[in-house]
Amino acid sequence: MTLHQFLFDQLYEHGVRQIFGIPGDFVLNLYNALQED
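Residue numbering for the sequence shown follows my numbering, starting at 1119 and increasing by one per position.
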C-alpha cells in the first residue's frame, strides 16, 4: 500500500467524499492517484 492509498482510505473512512483542488502543478501526482482510485 502506498502513502496516498493509505491517506485516501483514511479520508474515506472519516466521511470525506469531496476534495477540492489546490492551484499549482506540485499536486498533479496526487490528482493522478485520485483518478486511479
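Here a beta-carbon is modelled for each residue, glycine too, at the ideal position from N, C-alpha and C.
Given residue i, which residues of its chain have a CB within under 8 Å of its CB, disregarding the five upstream and five downstream residues?
{"i": "H1132", "result": "none"}
{"i": "L1129", "result": "I1137"}
Alpha helix (DSSP H) containing residue i: first to last residue?
{"i": "H1122", "result": "L1121 to E1131"}
{"i": "Q1136", "result": "No alpha helix (DSSP H) contains Q1136, which DSSP labels as neither H nor E."}
I need the straight-line Cα distance from residue i to residue j, nearest angstrom please.
{"i": "T1120", "j": "A1151", "result": "10 Å"}
{"i": "Q1153", "j": "H1122", "result": "12 Å"}
{"i": "D1127", "j": "P1141", "result": "23 Å"}
{"i": "G1139", "j": "V1145", "result": "9 Å"}
{"i": "L1125", "j": "D1143", "result": "20 Å"}
In chain order, what residues of the same chain have a beta carbon less than 7 Å from the beta carbon of residue i, not counting five sequence neighbours either side?
{"i": "N1147", "result": "none"}
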